[in-house]
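Colleague: One structure coming up, written as C-alpha cells, with questions to follow.
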C-alpha cells in the first residue's frame with residue numbers, strides 16, 4: 104500500500120452529482136426559484152437542419168420538453184422560437200456535436216503529465232490522432248490511474264472548421280452557447296459533459312455580479328439546508344453524550360453498591376458459617392453433661408480431649424469393657440472404640456481405658472423433656488458415694 108499516493112478528487116464532478124441528488128429532494132417550484140436557468144437548450148446539426156432540444160433537468164431518463172428543427176437559411180428562426188417559448192431566454196444553451204463531427208479516444212500518459220495535462224496532450228496530439236494541435240479544438244478528461252501507475256485520460260476533439268461553421272451559424276441567430284460537447288463522449292449520469300470544447304474566445308462573460316449573487320444565495324441555501332440536516336443530529340449526539348455521562352455515573356454508583364453488597368454477603372456468609380458450626384457442633388458443657396449422665400460414680404476420667412467434633416477420654420473403671428455400649432446409647436456419640444487395650448491398675452484394682460468417639464449435635468429437646476431430664480440428673484446426683492469415689496473431668 105502506497106501511503107504517499109495522491110488522491111484524485113474531481114470537484115466539479117462531485118458538485119454535479121451532489122446537485123443532481125439534491126434536486127430529487129427539493130420541490131420543483133423551490134428548485135426553480137433557486138436556479139437562474141429554466142433548463143437546457145441543446146443545439147445539434149442534423150441533415151434536416153439545426154435541431155433545438157429543450158430539457159428542464161439534467162437527468163437523461165426524463166424526456167425533453169420539446170425538440171424542433173430550425174431552418175439554417177432563416178435568420179429569424181431562433182427569434183421565432185423564442186417568441187413561441189419565452190422560457191428559453193433563461194435556458195443554458197449548449198452545442199452538441201454529432202457522430203462524425205468529433206473524435207474521442209482513451210489515452211494513457213505518465214503520472215507526471217497530470218500537472219500540465221493540456222500542454223502535454225497538445226504536444227503529443229499527433230501521436231494519438233491524425234490531427235495536429237493547431238487543427239483541432241480538444242479537451243481532456245482525467246479518468247483516474249491504472250494498476251500499472253499510468254494516468255488514464257479521455258481525449259475529445261473536433262476539427263476547427265467544423266466547430267467554427269456551427270458557431271457561426273448560431274451567432275447568426277444571436278445564440279451564444281455556454282458549452283460544446285460531443286454526443287459520443289457524454290457521461291452516463293447526465294446530459295452535459297465534464298469538459299468543454301468551446302474555444303475561450305467564444306465563451307460568454309456574463310454578469311459577474313449577478314452570477315456571484317446567484318451563487319451566494321445558493322450557497323446560503325445549501326448552508327441552511329445543511330444546518331437543518333445536521334442540527335437534529337447534533338442535538339441527538341449531545342443527548343447521547345449526556346446519557347453516556349449519566350450511565351457512567353450510574354455505573355460508578357452501581358459498582359459501589361455491588362462492593363457494599365459483596366461485603367455484606369461476606370459478613371453474612373461468615374455469620375452463617377458460625378451459626379452452622381454452632382448448630383452442628385455441641386458445646387463443651389453439653390458434652391461434659393452427657394458424659395456425667397452416662398458414666399457411673401465408680402468411673403472417673405483422668406484425661407479429656409475434645410477437638411473438631413472428636414472426643415478422646417482416658418480414665419479408670421471397674422468394668423471398662425461395658426463403657427463402649429453405654430456411650431453408644433447416647434445420640435451425641437458415634438464410632439465409639441478403644442484406642443488401646445485395657446490394663447489393670449495395681450493400686451486401685453480398676454481397669455485403665457482410652458476411648459475415642461465422634462461427637463454430633465443433637466436437636467434441642469422440648470422444655471418439658473428438658474425439665475424431666477434435669478430432675479433425673481438431680482436425683483442421680485444426690486446419693487453419696489460410699490467408697491468416696493466420683494467422676495473427674497479434666
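Numbering (this note's numbering), first residue to last: 104 to 497.
We treat Cβ as the ideally placed atom computed from N, Cα and C, and that holds for glycine.
Given 8 Å as the limit, is there contact between the stretch 271-291 and the stretch 185-203, that is, 3 or more CB pairs closer than that?
Modeller: A contact exists between the stretch 271-291 and the stretch 185-203.
Colleague: Can you list, in chain order, the residues of its chain with a C-beta nearer than 8 Å to that of residue 185? Leave out the 5 residues immediately preceding and following it.
Modeller: Translated into positions along the chain shown, residue 185 becomes position 82. Within the same chain, residue 185 has close Cβ partners 191, 192.
Colleague: Following the continuous alpha helix (DSSP H) through residue 396, name the residue where it begins and the one where it ends.
Modeller: As a working mapping, residue 396 is identified with position 293 in the chain shown. Per DSSP, residue 396 belongs to the alpha helix (DSSP H) from 387-397.
Colleague: Just verifying my parser: in three-state terms, what is the DSSP assignment at residue 148?
Modeller: Taking the first residue of the chain shown as position 1, residue 148 is located at position 45. Reduced to three states, the DSSP call for residue 148 is strand.
Colleague: My guess is that residue 283 and residue 200 are in contact by the Cβ rule of under 8 Å, so how many angstroms apart are they, rounded?
Modeller: Within the chain shown, residue 283 is the residue found at index 180, counting from 1. Within the chain shown, residue 200 is the residue found at index 97, counting from 1. With 8 Å as the limit, residue 283 and residue 200 qualify as a contact, their Cβ atoms being about 7 Å apart.
Colleague: Are there three or more Cβ pairs, one per stretch, closer than 8 Å when the stretch 353-363 is compared with the stretch 400-410?
Modeller: Because the criterion of three Cβ pairs below 8 Å is not met, the stretch 353-363 and the stretch 400-410 do not touch.
Colleague: In the DSSP assignment, find the unbroken alpha helix (DSSP H) run with residue 231 in it and report its ends.
Modeller: Counted from its first residue, the chain shown places residue 231 at position 128. Where residue 231 is concerned, the enclosing alpha helix (DSSP H) stretches over 228-231.
Colleague: Check the Cβ-Cβ distances between residue 337 and every residue of chain B, and say whether any is below 7 Å.
Modeller: Considering every chain present, this structure includes no chain B. It has just one protein chain.
Colleague: What alpha helix (DSSP H) runs, 4 residues minimum, are completely inside the stretch 220-297?
Modeller: For the stretch 220-297, whole alpha helix (DSSP H) runs of length 4 or above, ordered along the chain, are 220-226, 228-231, 263-275.
Colleague: Terminal residues of the continuous beta strand (DSSP E) containing residue 454?
Modeller: Start at 1 with the first residue of the chain shown, and residue 454 comes out as number 351. Residue 454 -> beta strand (DSSP E) spans 454-462.
Colleague: What is the rounded straight-line gap between the Cα of residue 416 and the Cα of residue 373?
Modeller: By one-based count along the chain shown, residue 416 stands at place 313. By one-based count along the chain shown, residue 373 stands at place 270. Cα to Cα, the separation comes out at about 32 Å.
Colleague: For the putative contact between residue 231 and residue 208, defined by C-beta atoms under 8 Å, what is the C-beta separation to the nearest angstrom?
Modeller: Numbered from 1 along the chain shown, position 128 holds the residue referred to as residue 231. Numbered from 1 along the chain shown, position 105 holds the residue referred to as residue 208. Yes, residue 231 and residue 208 are in contact; Cβ-Cβ is about 6 Å, under 8 Å.
Colleague: So residue 154 and residue 170 are in contact, right, with Cβ under 8 Å, and what is the actual spacing, rounded?
Modeller: Mapped onto the chain shown, residue 154 falls at position 51. Mapped onto the chain shown, residue 170 falls at position 67. Right, their Cβ atoms sit about 6 Å apart.
Colleague: Can at least three beta-carbon pairs, one atom from the stretch 420-436 and one from the stretch 455-462, be found at a separation below 8 Å?
Modeller: Because the criterion of three Cβ pairs below 8 Å is met, the stretch 420-436 and the stretch 455-462 touch.
Colleague: Can you tell me where the alpha helix (DSSP H) with residue 97 in it begins and where it stops?
Modeller: One cannot answer for residue 97 here, as it falls past the ends of the chain, which runs 104 to 497.
Colleague: Please report the residue range of the beta strand (DSSP E) in which residue 415 lies.
Modeller: Numbered from its first residue, the chain shown carries residue 415 at position 312. Element bounds for residue 415: 413-420.
Colleague: How many angstroms separate the CA atom of residue 177 from the CA atom of residue 326?
Modeller: Looking up residue 177 in the chain shown gives position 74. Looking up residue 326 in the chain shown gives position 223. Computed Cα separation, rounded: 47 Å.
Colleague: So, under 8 Å CB-CB, residue 423 and residue 393 are touching, yes? Tell me the CB distance rounded to an integer number of Å.
Modeller: To locate residue 423, count along the chain shown from 1; it is residue 320. To locate residue 393, count along the chain shown from 1; it is residue 290. The pair is not a contact, with the Cβ atoms about 18 Å apart (cut-off 8 Å).
Colleague: Consult DSSP for residue 339 and reduce its assignment to one of helix, strand or coil.
Modeller: Within the chain shown, residue 339 is the residue found at index 236, counting from 1. Note: residue 339 maps to helix in three-state DSSP.
Colleague: Please return the same chain residues whose Cβ sits closer than 7 Å to the Cβ of residue 431, not counting the five positions on each side in sequence.
Modeller: Here the question's residue 431 lines up with position 328 in the chain shown. These residues qualify, in order along the chain: 439.
Colleague: Determine the extent of the alpha helix (DSSP H) in which residue 182 is found, giving its start and end residues.
Modeller: Within the chain shown, numbered from 1, the residue matching residue 182 stands at position 79. Per DSSP, residue 182 belongs to the alpha helix (DSSP H) from 180-187.
Colleague: Using the rule of at least 16 other Cβ atoms within 10 Å of the residue's Cβ for burial, across every protein chain shown, is residue 261 buried or exposed?
Modeller: By 1-based counting over the chain shown, the position of residue 261 is 158. Buried, since its Cβ has 16 or more Cβ neighbours within 10 Å.
Colleague: Looking only at DSSP bridge pairs, what is residue 217 linked to?
Modeller: Here residue 217 corresponds to residue number 114 of the chain shown, with the count starting at 1. DSSP output for residue 217 lists no bridge partner at all.
Colleague: Mind checking which residues open and close the alpha helix (DSSP H) that includes residue 426?
Modeller: Looking up residue 426 in the chain shown gives position 323. Run containing residue 426: 426-431, per the alpha helix (DSSP H) assignment.
Colleague: Leaving aside the five residues before and after residue 429 along the sequence, list all residues of the same chain whose C-beta is less than 7 Å from its C-beta, in chain order.
Modeller: As a first step, residue 429 must be located in the chain shown, where it is residue number 326. Around residue 429: 397.
Colleague: Return the first residue and the last residue of the beta strand (DSSP E) that residue 195 is part of.
Modeller: One-based indexing of the chain shown puts residue 195 at position 92. That run of the beta strand (DSSP E) goes 195-200.
Colleague: In angstroms, rounded to a whole number, what distance separates the CA positions of residue 226 and residue 212?
Modeller: Counting from one through the chain shown, the residue named residue 226 turns up at place 123. Counting from one through the chain shown, the residue named residue 212 turns up at place 109. Cα to Cα, residue 226 sits roughly 12 Å from residue 212.
Colleague: Could you please give me the residues that DSSP links to residue 171 through a beta bridge?
Modeller: The residue given as residue 171 occupies position 68 in the chain shown. Answer by DSSP bridge pairing, in chain order: 155.
Colleague: Closest by CA to residue 414, which one among 368, 391, 369?
Modeller: On the chain shown, position 311 is the one that residue 414 refers to. When only C-alpha atoms are compared, the closest one is 391.
Colleague: Given that a residue counts as buried once 16 or more other Cβ atoms are within 10 Å of its Cβ, and exposed if not, what is residue 222?
Modeller: Numbered from 1 along the chain shown, position 119 holds the residue referred to as residue 222. Its Cβ having fewer than 16 others within 10 Å, residue 222 is exposed.
Colleague: In this structure, what does DSSP give as the bridge partners for residue 436?
Modeller: Locating residue 436 in the chain shown gives position 333, counting from the first residue. In DSSP, residue 436 forms a bridge with 462.
Colleague: Does residue 404 come out as helix, strand or coil in the three-state DSSP assignment?
Modeller: As a working mapping, residue 404 is identified with position 301 in the chain shown. Note: residue 404 maps to strand in three-state DSSP.
Colleague: Leaving out five residues on either side along the sequence, give the residues of the same chain with a beta carbon under 6 Å from the beta carbon of residue 145.
Modeller: Start at 1 with the first residue of the chain shown, and residue 145 comes out as number 42. Hits under 6 Å: 156, 197, 199.
Colleague: Please state whether DSSP places residue 332 in a helix, a strand or coil.
Modeller: Here residue 332 refers to the residue found at position 229 of the chain shown. Looking at residue 332 - three-state DSSP - the assignment turns out to be helix.
Colleague: Per DSSP, which one or two residues make a beta bridge with residue 446?
Modeller: Sequence index remark: in the chain shown, residue 446 carries index 343 (1-based). Answer is 455, bridged to residue 446.
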